[in-house]
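The sequence shown: position 152 = 152 (the UniProt record's numbering), numbered continuously.
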Amino acid sequence: LRLRPLAKDHIIYQCGNGETFSLWYDPWVQGNSIHALYGHLVIYVTGLGKQARVKDIIWEGQWCWPQTSGVLIDIQQSVSSIPISTAPDRIFWQQVGISFSTSRAWNCIRTLSNQVAWYSIVWHPYSIPKHAFSLWMAIRGALRTKDKLVAMGVLSNANCVFHCGEPETHEHLFFQCPYSSKVWKEVLSLCQLVRPTLPWANEVDWMCANATGNQFHWTIRKLAFAASVYHLWIERNNRCFRNQFLPYQDIICKVRRDVRDKLALR
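Pasting the structure below:
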């Protein structure tokens, strides 16, 4: 709701036949609504009611206002330059001819900053949205791991759900825990990469340096990285909240399946 005034500045109401626009509440009069300009009294004096549409003051292609109050003279002058047509009413974003889209709206209201180094390994044309979101959260350190919940007073201990005896931290979960380490090592092998697992920050840096292009093998690496993070986080949550347990081999199968299915759509 707080963004309404900001959005209003970028929306253009183009009146056509007046069938869809509210006579009083839609900002069809030079970017403002009649109610905002003249208040509630004008609705009362016209006798048209709150549900009136713009079409209710159009007759045979001409503006036709009730002659009941002097305040309507000013309104008539304001709308006299607005053309009437048989075309439907339309709403545009920023300028006439450009339709609304969530991406245009977001780019308009967001605060721009420099692109981060890991952008292309998270948001790329072949990314799986739920995987990309989980990876984005992980890279930002925003996942609520047990150590954070202990610090918040939500939990009394941070024992790793994979029963390795270590406390669950972000760095431990990805991929220092024996369970997650086995998953990631096998996924690396499936990507034809032979190297040890690295601390989380170094894994992200390595992916940024070795999986940022559009070549096929780089796409596989990005998909596999995000899928591994996603499925490990899901398995962690299932163990915490549903008392459900899968062997690490099943997580590898899930990663393989998701990567394979996504690549099949290329």
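C-beta atoms are modelled at their ideal positions from N, C-alpha and C, and glycine is treated no differently. Quantities reported herein were computed from a predicted structural model and do not represent experimental measurements.
| Asked | Found |
| --- | --- |
| Neighbourhood of Phe21 by C-beta distance below 7 Å, restricted to the same chain and skipping five residues each side | Tyr13, Cys15, Trp28, Arg53, Val54, Asp89 |
| Own chain, CB closer than 7 Å to Glu186, minus 5 neighbours either side, in chain order | Ile252 |
| Through-space distance from Trp106 to Leu6, alpha-carbon basis | 11 Å |
| Length at least 3, wholly inside the region 56-98: the beta strand (DSSP E) runs in chain order | 90-93 |
| CA-to-CA distance, Ser33 to Arg256, given in whole angstroms | 55 Å |
| 8 Å contact criterion, which Asp74 and Leu23 should meet: CB distance rounded | With a Cβ gap of about 16 Å, Asp74 and Leu23 do not count as contacting. |
| Own chain, CB closer than 6 Å to Tyr230, minus 5 neighbours either side, in chain order | His131, Ser134 |
| Rounded separation between Asp250 and Lys8 - CA only | 50 Å |
| Residues that Ile11 bridges to, as DSSP identifies them | Trp93 |
| Span of the alpha helix (DSSP H), counted from its first residue to its last, around Val187 | 178-190 |
| Own chain residues within Cβ distance below 7 Å of Asp147, not counting five before or after | Ala158, Pro167, Glu168, Thr169 |
| From Trp233, Gln215, Arg195, residue whose alpha carbon lies closest to that of Phe174 | Trp233 |
| Alpha-carbon to alpha-carbon, Asp26 and Ile11 | 11 Å |
| Neighbour-count burial assignment, Lys50, 16 or more Cβ in a 10 Å radius | exposed |
| CB of Asn121 within 8 Å of CB of Phe225, strictly | Looking at the sequence shown, residue 121 is not Asn but Ile. Their beta carbons are under 8 Å apart, which means Ile121 touches Phe225 by this criterion. |
| Sheet register partners of Asn159 (DSSP bridge) | Pro167 |
| Burial state of Phe162, where buried means 16 or more other Cβ atoms lie within 10 Å | buried |
| Simplified DSSP assignment, three categories, for Ser33 | coil |
| Reference Ala117, options Ser228, Thr212, Leu149, closest by Cα | Thr212 |
| Helix, strand or coil at Arg239 [DSSP, three-state] | helix |
| Environment of Leu223 [buried if 16+ CB atoms lie within 10 Å] | buried |
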